[in-house]
Structures are given as C-alpha cells and as structure tokens.
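These notes are about the structure you will find just below.
In the working numbering, the protein residues as written are 6 to 229.
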C-alpha cells in the first residue's frame with residue numbers, strides 16, 4: 006500500500022513538472038504539433054521496451070479497446086488541449102495549485118462511476134479543493150487577472166477532470182493489461198487523435214523560429 010502511495014505521489018510530481026515545461030514549450034511550438042511530437046517520441050521508446058519485456062500484445066478485446074479509447078480521449082487528448090492552452094493563458098503557479106485537486110476529483114468520480122464509498126477525509130478534501138480554486142480565481146492576486154487568465158484557470162480545471170477520468174478508466178483495466186501495454190496503446194491512440202490537427206499546424210509552422218528562439222535564449226544567458 007505504501008508503495009502505491011509513493012508511486013502515485015511521484016506521478017503527480019511529474020504532472021507538476023509537465024506544467025512548467027509545457028508552458029515554456031507552447032510559447033514556441035503550437036499545442037497540437039507539440040503533442041504529436043511527444044507521442045511519437047514516446048512510442049519510439051515504448052515499442053522496443055514492450056518487445057524486450059515480452060509484453061507485445063497484438064489483439065485486444067472489445068471492452069479493452071473501448072476503455073482505452075475513452076481513456077486516451079479524456080485523459081490524454083482533452084487533458085493535453087486543456088492543460089497546454091490553460092498554462093498558456095494563466096500562471097504556472099495557479100495551474101499547479103489547481104492540478105493539486107486531482108485526488109479530490111478522483112474520489113468524487115470514483116463515488117459516482119465506480120460506486121466506491123466516499124470517506125469523511127475525501128469529503129473534506131473535495132470541500133477544501135473547491136475553496137482553493139475559488140480563492141485563486143476570485144480573490145487576492147486574481148482580482149488583477151484578465152478574463153483570459155480566468156479562462157486559463159477554467160481550462161486547467163477541465164484538464165483536472167480529464168486526468169481524474171483517466172485514472173478511473175485505468176482502474177477498470179487494472180489486472181487485464183500491463184502498465185507498459187496500457188501506456189503504449191494510449192500513446193498510439195493519442196498519436197492518431199492529434200495527427201490531423203498536428204499536420205495542419207505543421208504545414209503553417211515556421212520551424213526556423215524554434216532555432217531562432219534557441220539562439221536568442223543562449224545569447225541572453227551568455228550576456229547575463
């Protein structure tokens with residue numbers, strides 16, 4: 006049990022790192038194009054690993070396929086769009102605080118979808134999460150935020166709900182397929198979902214602008 010808690014804590018830490026890195030990258034590369042590239046890189050790593058581990062799976066049951074599709078759609082496709090556009094329009098600090106409500110959303114959705122018991126601690130977590138989001142959005146420093154920043158906060162919260170649904174669907178597949186199989190399948194489905202939008206952005210994207218930005222950053226660091 007302690008190992009499971011530790012692994013979940015590490016995964017949430019990676020989500021937090023993803024927010025900061027994603028905010029920087031989407032300032033130079035379009036959202037859909039960036040997402041497509043990262044799924045492509047992930048598959049280039051995952052597919053050989055699957056083969057090396059002897060976990061290659063060429064056939065899937067209908068239930069597995071349906072759950073994997075919705076897991077990819079909500080937990081990756083919608084999550085990536087909402088999160089990357091959200092951090093583009095709000096601060097990384099606000100986004101980080103909002104994403105900390107993921108456990109509370111998981112508890113609420115588990116009660117609603119999986120019919121799990123909602124314990125007192127979970128109820129307090131949900132109440133405090135709602136209060137925290139309210140404080141970020143409507144008080145203190147947030148009073149100076151523009152409407153676009155509030156929209157960014159809303160998109161980040163929608164990403165939180167998508168992440169919670171991702172966890173719910175993952176629990177339904179627990180014990181049926183391995184984590185590596187699930188990860189590879191999700192990345193493959195997400196690659197296909199993002200592909201049309203990534204092609205459209207790639208055709209109009211100035212690839213040279215990335216190199217110019219990199220040169221500028223190196224020059225700025227050198228001058229400092």
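Every residue, glycine too, gets a C-beta built ideally from N, C-alpha and C.
Practice prompt. May I have the straight-line CA-CA distance separating residue 133 from residue 71, to the nearest angstrom?
Written response: Your numbering for residue 133 matches position 128 in the chain shown. Your numbering for residue 71 matches position 66 in the chain shown. If you take the alpha carbons of residue 133 and residue 71, they lie about 34 Å apart.
Worksheet item: If you follow the alpha helix (DSSP H) that residue 85 is part of, which residue opens it and which one closes it?
Response: Translated into the one-based positions of the chain shown, residue 85 becomes position 80. Start and end: 84-94.
Worksheet item: Just the Cα atoms here: how many angstroms apart are residue 68 and residue 182?
Response: For the purposes of this step, residue 68 is identified with residue 63 of the chain shown, where counting begins at 1. For the purposes of this step, residue 182 is identified with residue 177 of the chain shown, where counting begins at 1. Rounded to whole angstroms, residue 68 to residue 182 spans 12 Å at the Cα level.
Item to complete: Taking residue 230 as the reference, give the member of 61, 84, 87 and 40 with the closest Cα.
Response: No answer is possible for residue 230: it lies beyond the span of the chain, which begins at 6 and ends at 229.
Item to complete: Could you please give me the residues that DSSP links to residue 182 through a beta bridge?
Response: Taking the first residue of the chain shown as 1, we reach residue 182 at position 177. Its beta-bridge partners are 179.
Worksheet item: If we ignore side chains and look at the alpha-carbon of each, how far apart do residue 117 and residue 110 end up?
Response: For the purposes of this step, residue 117 is identified with residue 112 of the chain shown, where counting begins at 1. For the purposes of this step, residue 110 is identified with residue 105 of the chain shown, where counting begins at 1. Each residue's alpha carbon lies about 11 Å from the other.
Item to complete: Evaluate the contact criterion for the region 79-95 versus the region 154-166: three or more CB pairs, one atom per stretch, below 8 Å.
Response: yes
Item to complete: Can you tell me which of 199, 129 and 137 puts its alpha carbon nearest to the alpha carbon of residue 102?
Response: Indexing the chain shown from 1 puts residue 102 at position 97. For residue 102, the nearest C-alpha among the options comes from 137.
Worksheet item: Is residue 65 helix, strand or coil by DSSP?
Response: Position 60 of the chain shown, counted from the start, is the residue given in the question as residue 65. In the structure shown, residue 65 sits in coil (DSSP, three-state: anything other than H, G, I, E or B).
Worksheet entry | Anticipated Cβ contact below 8 Å, residue 199 with residue 40, distance rounded | As a working note, residue 199 is residue 194 in the chain shown. As a working note, residue 40 is residue 35 in the chain shown. Between residue 40 and residue 199 the Cβ distance is about 5 Å, and since that is below 8 Å, they are a contact.
Worksheet item: Do residue 154 and residue 94 have their CB atoms nearer than 8 Å?
Response: If you number the chain shown from 1, residue 154 lands on position 149. If you number the chain shown from 1, residue 94 lands on position 89. In this structure, residue 94 lies closer than 8 Å to residue 154 by Cβ.
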